Structures are given as C-alpha cells and as structure tokens.
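Here the structure comes first, spelled out in structure tokens, and everything after it is commentary.
Number of protein chains: 2
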Amino acid sequence: MSNINDVARLAQVSKATVSRVLSGSRGVKEASRLAVLRAADALNYKPSAIARSLTNQTTHCIGVICATEHVQQSTGYLQALEKQLSQHRKHLLLRFASDAHAVTQAVDELSGGLCDALLVVGARFALPEMQEEVIFIDCLSAPAALSISCDRRFAAQTAVEYLSRHQRRDIALINFSGGEAAQETLLGYREAAENHLIPFNRQRVIEGESSLRLALQKLINSGVKFNALLVTDDAQAQEAMAMLDDYQIRVPEQVLVFSLDGSTRLPGQAAIPAIEYSLEGIARRAVARLLGLGDPSDRVRGTLLCD
Amino acid sequence: MSNINDVARLAQVSKATVSRVLSGSRGVKEASRLAVLRAADALNYKPSAIARSLTNQTTHCIGVICATEHVQQSTGYLQALEKQLSQHRKHLLLRFASDAHAVTQAVDELSGGLCDALLVVGARFALPEMQEEVIFIDCLSAPAALSISCDRRFAAQTAVEYLSRHQRRDIALINFSGGEAAQETLLGYREAAENHLIPFNRQRVIEGESSLRLALQKLINSGVKFNALLVTDDAQAQEAMAMLDDYQIRVPEQVLVFSLDGSTRLPGQAAIPAIEYSLEGIARRAVARLLGLGDPSDRVRGTLLCD
DNA sequence: CTGTTAGCGCGTTCAT
DNA sequence: ATGAACGCGCTAACAG
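Going line by line, the protein sequences match chains A and B.
Mind the numbering: the first sequence is residues 1 to 307 in full-length UniProt numbering, read in order.
Mind the numbering: the second sequence is residues 1 to 307 in full-length UniProt numbering, read in order.
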C-alpha cells in the first residue's frame, strides 16, 4: 500500500499539501490540487485511517454493546444504529454481552482508545458505574442523564385510555420491578385512570416481583378482578398469555393483554395491542447525543399500535 | 489519559523498558518490572490500541458486512461470529448492505487499514471482484476459494433420502438459479435418486427462474406430478407454501415441502423438515480462514432437522 | 500558497 | 539489562 510520501513525491509537492488536498482542501493552487488528485488516483492511494486516528485522537468508531436478553431484539436496534452511524460516517464496533460482568469486560476492551464512545443497548440487569463516555439505550438502572429514555408516563396513559375506550376499566398492571421507569409508568397509569374516572385499586398493581410468573401469580391469588393486563414488554406479554392460558382465562375475551413496549416485535409474532417506539427515532437520538447534540431530558414517545 | 512516557517517568525507567514489560518480552530486572507494573496501575494506564496498530500494521478489527435480505437472518450469524472473533481477541466492525453497490461502498470504507480483513455474509446477489482480503459466508456467486461453503450435494442427498424414507418419491426441486451451488445440489439430488431407484424426470427440476413464484408456476403448469418439493431455503419454503395454499394443495399431505437450508430459522416459525447448518461451526471456520488456518476445500455439512 | 518541522503513542533496533 | 533514537502515516503550526 502506498503512503502519503509516495503521493507527494509523484505529485512533486510536499506531504502537507497532499494532506491539505485530501482532508480540507482549502488554499491550494488548482494546479497542485490536480497533480495530487492524479497521483493519488494513479497510486490507488487511501489515507491510513489509523495514522489519522493517532493524530486526530478520534477513531470514528462507536462501540455498541448489545446486552439484549433475547438476541432477536438486538437486530432491529443494530440495523437502526448502523444506519444512523454510517450517515455520520461513524463505524460500529459490535459486542454482545449477556450479564453485567460481560458488559464491564466489553467496555474495558473497547475503551483502549479504539472507540470514541460507547453505547449499551438493552441491559435488563444492574450495571456498574463507568467513567467512559457511554450512552444507554433501553437499559434499566442507568443514570437518566446518560440514557435515551422512553416516555413511560405517556405510554401508560395512552394504554389506559385505549383500554378504557374499549370498555376495559378493570386494568391490572405488572410494573417494572423498580427505578424511575416503574415510577413513571405508575404515574401515567394513575393519571389516566383518574381522567377516566376509574377508581384506583392498589391490588391491581404488582411491583417488585422478580419474575412475571410470580407477579401474575400474586395478582391472580389476590382475587381481584381484572379484564385488562398491562405488562412492560412483549416478552412479558408472551409469558403472561401462556400463563393465563394455563388458568383457562381467555385472551383477549376475558383479559386483554397490552404491552407497554412492542418495539422489537418480530413480523410473524402474535399481534397484541402495544405501544411501539420507533427504533429509528431512538437510534437517531442516541447518535445525536454521542455527537454532543440533543437534549438529555428529551424523551421518546411511543405510538399506539393495534390492528 | 496517561501515556507510556508518564509511566516511564513515574517508574524511573525508559519507555523501552515499559514497553518490554507490558508486551511480555523477557530480560527485565524484577525490580524495574514491578516498578513499571505499579506505575501503570497507579496511572490506570492503557496502551493505546491505535498507536499499537500504527506500528504493528494490524488493527485486530474484522469488518463484517451483512448483506442478508431478511435482516432477522443476520442475527444468528452476528452472534456466532462475534463469539468466535472475541475468543481470538478480534473486534467486529459491523456494516449492513442490501445490494452490490452498498457492499462495494462498505468494503471501500472499511478497507482504509481500519480492518485486517473482511467478511461478507449472506449476499444473494452478484458481487463485484474485490482485491481486499475477503471471506464470503453464505454468499452466492463468490469465488469458491474464498467462501465458507456448505456441502450442498450432501444436503440434497440427505433430503432425498429422507423423503424417500417417507414414501415421497416424486420429488420436485426448485434449484438455485445458477452457479456451483445449483450444480452440486442437482448432483446430490440425482445421485440419491439413483441410489433409491427413483427415475429421473427433468420436468421435476426447475432452474434459472428469477423468482420462486415463477419457478413454482412453471412446475405446476408443466402438469408433472410431485408429492415433495425441495427448495433452497426457508424464505423460499414460506413463499412456496403460501402459493401451494392458493392452489388448494395441502401441505404436507399432498406435497411435503423441504428446505435445503433452515439454519436461520426463528424459534416461533413453522417447522418444516430442513437441513440445518451450525452457525457456530460456520463462524468457527470463517474465523479460522481469516487467521490463515483451515482448509479452503473443507465444506460444512448440515444436519437433518425434522420434528 | 507551500514546504519544513514537530509531534500523536508505541514498538523496535542498536548501542551501551 | 536498559536507554536513546528512529519510524509507522498523518496533521497542525509555523515559516517563508
């Protein structure tokens, strides 16, 4: 592979001029400009990305750590992210990690100057603190200031309104097990209920259970009536439906299951009503934040999705 | 971020010694070894991957260009590849590309010294020649010497044997539209048929049609009888089944559809018999080839998959 | 407008 | 065993 010196020699100019032409090309005589271009072309010269990185202290690489539980979910994100990144001439360095330890390790290995920044996607587990420049997408337990966060309050409100409109007023909620996401969701749920004159019944809200099965079990055991069930995502919805089926409770006739996040749903999957977030929108914001643009307090609003 | 000079200064040795200690070479007094280690730890020093790359002329990055038509297919490959690559301490630079032009562009952008090698996955379209170091996975129209290729002959044989065992002896084949893959598949089909005393009927083999619909149309119009249908992959199988349904032909009672490649099947998808290739095995071979190991003529054999 | 010089951070001689 | 010096390929600052 030829380097900048070869081009300079062939074009009869100095390295600096070659660099100027190929980088910002301002303030260069047209004659030498052409000479450089011609020489570069003749030698099939490609500037070395590494040498550039060393000088500029920037690699144009963004590390993406996929911590998605169900790998299928990651595909949509990856595609959306890659699209946004390549539009900004950034490269995507991919890494999968299925637990906190693996994430930490991935962060370590990617932060030897290899990446300009990191993105962690879909971590459902507790994450350790990190000093690197990291943005979190769809992660629970991540500092809000560094997260692309969904407007969960809005989602819950929208869901309750939809259900109310469909004469489902006994709405149960199996919430996130904690954190801001849980608070906001509950807030939206209560607000919308109030607006629609639906009395609040604490027994219909399950929080803090470690698994959906336990939560739903608790709900059913409590004996409280419900004809709609709000769950936090599609995976939960699937589980819930399977379990309701075991209990001979018909879906959606007896209980309408609603997913508060159906964004990573696959084409062939069962269509239950859900709030859907635009992966492209999320990716766009994430990339904007990486570039220092965008407002951290800005939240993504989902769309009601029902056939 | 601290650099090698800082460490050298703090450890009261020269850069060279620091480098020796951290690069594992022997011949360093134990005292200075410890001093360096201590200093590096104190400064939280990480050698710069980029500076290393510049001197070593190797980045440990492998570019992966996903040209998969249905993006869901890529997930399995990506996961398998990332696993193998990270085991060899390599990084995965991801790129999606949906046509030949996009692939070319991706190759261009990734080959400025940024990657040590490239991997193209799942291209179903014609690819241009490229001079970079590239390995092709699951691509049609790629030089055999650079491909991780499946033993299609074996797959077709296995399929025919399976069908014959299930009393389906009128086996139609909608083959690849050309290339070595088509030849091998046909070869396997004929060999197995011969072994099982199934007479060969050219009308049952459709080749060179641009789409499955056209091919199947042609097959049906020809009026030839068939009670089994071999197609090249799951996407084709889905289409075929939809079309057979339109024709009121019951699957599998009247026609058993068999997919010659069901590797990237999703969990929830309809289970038809298929040959499945181990994504891990494929990824392993691909990485081995990148590292200069492995035998180019070695082909991956699939496994019969039926519920 | 252009050439020269000095790094970016590290690995690797080559002397000592 | 170890330090000084050079080079990887490129860009930025400074002269001219």
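In this text, a Cβ means the ideal position worked out from N, Cα and C, and glycines have one as well.
All of these numbers come straight from a predicted model, not from anything done at the bench.
If you compare alpha carbons, which of B:Val-224, B:Arg-153, B:Leu-212, B:Ile-174 is closest to B:Thr-301?
Start at 1 with the first residue of the second sequence, and residue 301 of chain B comes out as number 301. In the sequence on display, residue 301 of chain B carries Arg and not Thr. Nearest to B:Arg-301 by C-alpha distance, out of B:Val-224, B:Arg-153, B:Leu-212, B:Ile-174, is B:Arg-153.
May I have the straight-line CA-CA distance separating A:Gln-12 from A:Val-28, to the nearest angstrom?
If you number the first sequence from 1, residue 12 of chain A lands on position 12. If you number the first sequence from 1, residue 28 of chain A lands on position 28. The straight-line gap from Cα to Cα measures roughly 14 Å.
I need the straight-line Cα distance from A:Arg-52 to A:Ile-4, nearest angstrom please.
Within the first sequence, numbered from 1, the residue matching residue 52 of chain A stands at position 52. Within the first sequence, numbered from 1, the residue matching residue 4 of chain A stands at position 4. C-alpha separation (whole angstroms): 12 Å.
Closer than 7 Å to chain A by CB, B:Gln-157
Position 157 of the second sequence, counted from the first residue, corresponds to residue 157 of chain B. Look at B:Gln-157: its C-beta is not under 7 Å from any C-beta on chain A.
Tell me which same chain residues have a C-beta within less than 8 Å of the C-beta of B:Arg-38, skipping the five on either side of it?
Taking the second sequence and counting its residues from 1, the one referred to as residue 38 of chain B is at position 38. Closer than 8 Å at the Cβ level, and outside the excluded window around B:Arg-38, lie Ala-11.
Return no unless some Cβ of chain A is closer than 7 Å to the Cβ of B:Ser-263.
Locating residue 263 of chain B in the second sequence gives position 263, where the first residue counts as 1. Answer no: the Cβ-Cβ gap between B:Ser-263 and chain A never drops below 7 Å.
Confirm, please, whether the CB-CB distance from B:Leu-119 to B:Val-64 is below 7 Å.
Along the second sequence, one-based indexing puts residue 64 of chain B at 64. Along the second sequence, one-based indexing puts residue 119 of chain B at 119. Taking C-beta atoms as the reference points, B:Val-64 and B:Leu-119 count as a pair closer than 7 Å.
Give me the Cβ distance between A:Ala-100 and A:Ala-126, rounded to the nearest whole Å; I'm assuming they're in contact under 8 Å.
Your numbering for residue 100 of chain A matches position 100 in the first sequence. Your numbering for residue 126 of chain A matches position 126 in the first sequence. A:Ala-100 to A:Ala-126, Cβ: 6 Å. Contact.
Going by C-alpha to C-alpha distance, which of A:Ala-228, A:Glu-191, A:Glu-209 sits closest to A:Gly-178?
Within the first sequence, the letter at position 178 stands for residue 178 of chain A. It is A:Glu-209.
List, in order along the chain, the chain A residues whose C-beta lies closer than 9 Å to that of B:Arg-95?
For the purposes of this step, residue 95 of chain B is taken as residue 95 along the second sequence, with counting starting at 1. What B:Arg-95 touches in chain A: Glu-82, Ser-86, His-91, Leu-92.
At a Cβ cut of 9 Å, what residues of the stretch 48-59 of chain B count as close to chain A, listed as they run along the chain?
Correct list: Ser-48, Ala-49, Ile-50, Ala-51, Arg-52, Ser-53, Leu-54, Gln-57, Thr-59.
What does the Cβ neighbour count give for B:Val-255, buried or exposed, with the cut at 16 atoms within 10 Å?
The sequence position of residue 255 of chain B within the second sequence is 255, counting from 1. So B:Val-255 counts as buried.
Tell me which residues share the same chain as A:Arg-89 and place their Cβ nearer than 7 Å to its Cβ, disregarding the 5 neighbours each side in the sequence.
For the purposes of this step, residue 89 of chain A is taken as residue 89 along the first sequence, with counting starting at 1. These residues qualify, in order along the chain: His-60.
Report the option in B:Val-7, B:Glu-133, B:Tyr-247 whose CA atom is closest to the CA atom of B:Ala-217.
Here residue 217 of chain B refers to the residue found at position 217 of the second sequence. Rather than Ala, the amino acid found at residue 217 of chain B in this sequence is Gln. Of the candidates B:Val-7, B:Glu-133, B:Tyr-247, the one whose C-alpha sits nearest the C-alpha of B:Gln-217 is B:Tyr-247.
In the DSSP assignment, find the beta strand (DSSP E) that holds A:Val-224 and state where it starts and stops.
Here residue 224 of chain A corresponds to residue number 224 of the first sequence, with the count starting at 1. No beta strand (DSSP E) holds A:Val-224; DSSP gives it neither H nor E.
Going by DSSP, name the residue or residues bridged to A:Cys-306.
Against the first sequence, residue 306 of chain A aligns to sequence position 306. BP columns for A:Cys-306 are empty, so no partner.
Applying the 10 Å Cβ sphere with the 16-neighbour rule, what's the burial state of A:Leu-214?
As a working mapping, residue 214 of chain A is identified with position 214 in the first sequence. The residue is exposed, with fewer than 16 neighbouring Cβ atoms inside 10 Å.
Cβ shell of A:Tyr-162 (< 8 Å), same chain only, five flanking positions each side left out:
Stepping through the first sequence from its first residue, residue 162 of chain A is reached at position 162. Answer for A:Tyr-162: Phe-258, Pro-273, Leu-304, Cys-306, listed in chain order.
If we count the other Cβ atoms within 10 Å of its Cβ and call it buried at 16 or more, is A:Met-241 buried or exposed?
As a first step, residue 241 of chain A is located in the first sequence; it is residue number 241 there, counting from the start. Buried, because 16 or more other Cβ atoms sit within 10 Å of the Cβ of A:Met-241.
Run of the alpha helix (DSSP H) containing B:Phe-200, from where it starts to where it stops:
On the second sequence, position 200 is the one that residue 200 of chain B refers to. For B:Phe-200, no alpha helix (DSSP H) encloses it, and the DSSP letter there is neither H nor E.
Identity of the residues DSSP links to B:Gly-63 by a beta bridge
Along the second sequence, read from residue 1 onward, the residue named residue 63 of chain B stands at position 63. Among the bridge pairs identified by DSSP, B:Gly-63 is matched with B:Leu-93, B:Leu-118.
Between B:Asp-116 and the rest of its own chain, which residues show a CB-CB distance below 7 Å, the 5 nearest in sequence each way excluded?
Walking along the second sequence from the start, residue 116 of chain B turns up at place 116. The residues are Thr-58, Thr-59, His-60, Cys-61, Ile-62.
On the premise that A:Arg-169 lies in contact with A:Ile-198, defined as a C-beta separation below 8 Å, what is that separation, rounded to the nearest angstrom?
By 1-based counting over the first sequence, the position of residue 198 of chain A is 198. By 1-based counting over the first sequence, the position of residue 169 of chain A is 169. Yes, they are in contact, since the Cβ atoms of A:Ile-198 and A:Arg-169 sit about 5 Å apart, within 8 Å.
Which bits of chain A does B:Lys-46 rub up against, with CB to CB less than 7 Å?
Translated into positions along the second sequence, residue 46 of chain B becomes position 46. Near B:Lys-46 (Cβ distances below 7 Å), the residues of chain A are Gly-112.
If you draw a straight line from the alpha carbon of residue 323 of chain A to that of B:Gly-122, how long is it in whole angstroms?
The requested residue 323 of chain A does not occur in the structure, where chain A is confined to residues 1 to 307.
Note the first and the last residue of the continuous beta strand (DSSP E) segment covering B:Phe-136.
Position 136 of the second sequence, counted from the first residue, corresponds to residue 136 of chain B. Where B:Phe-136 is concerned, the enclosing beta strand (DSSP E) stretches over 134-137.
Does A:Val-71 come within less than 7 Å of chain B when only Cβ atoms are used?
Along the first sequence, read from residue 1 onward, the residue named residue 71 of chain A stands at position 71. The C-beta of A:Val-71 comes closer than 7 Å to at least one C-beta of chain B.
Neighbour-count burial assignment, A:Thr-185, 16 or more Cβ in a 10 Å radius
Within the first sequence, residue 185 of chain A is the residue found at index 185, counting from 1. With 16 or more Cβ atoms within 10 Å of its Cβ, A:Thr-185 is classed as buried.
Name the DSSP bridge partner or partners of B:Leu-256?
Against the second sequence, residue 256 of chain B aligns to sequence position 256. B:Leu-256 is bridged by DSSP to B:Ala-228.
Would you check if the distance between the CB atom of B:Leu-54 and the CB atom of A:Ile-50 is smaller than 7 Å?
Against the second sequence, residue 54 of chain B aligns to sequence position 54. Against the first sequence, residue 50 of chain A aligns to sequence position 50. Judged by their CB atoms, B:Leu-54 and A:Ile-50 are nearer to each other than the 7 Å cut-off.
Segments assigned alpha helix (DSSP H), at least 4 residues, entirely inside the UniProt domain "HTH lacI-type" (2-56) of chain B
Complete alpha helix (DSSP H) runs here, min 4: 4-11, 15-23, 30-43, 49-56.
Around the Cβ of B:Asn-175, are there at least 16 other Cβ atoms within 10 angstroms (buried) or fewer (exposed)?
Within the second sequence, numbered from 1, the residue matching residue 175 of chain B stands at position 175. Classification for B:Asn-175: buried.
Rounded to the nearest angstrom, what separates A:Asp-295 and A:Arg-289 at their Cα positions?
Here the question's residue 295 of chain A lines up with position 295 in the first sequence. Here the question's residue 289 of chain A lines up with position 289 in the first sequence. Their backbone Cα atoms lie some 8 Å apart in a straight line.
Can you say whether A:Gln-79 is buried or exposed, counting buried as having 16 or more other CB atoms within 10 angstroms of its CB?
Within the first sequence, the letter at position 79 stands for residue 79 of chain A. So A:Gln-79 ends up on the buried side.
Exposure label - A:Gly-188; buried when at least 16 CB within 10 Å
Reading the first sequence from its first residue, position 188 is the one you call residue 188 of chain A. Its Cβ being crowded by 16 or more others within 10 Å, A:Gly-188 is buried.
Go ahead and pull the three-state DSSP assignment for B:Leu-85.
In the second sequence, counting from the first residue as 1, residue 85 of chain B sits at position 85. Three-state DSSP puts B:Leu-85 in a helix.
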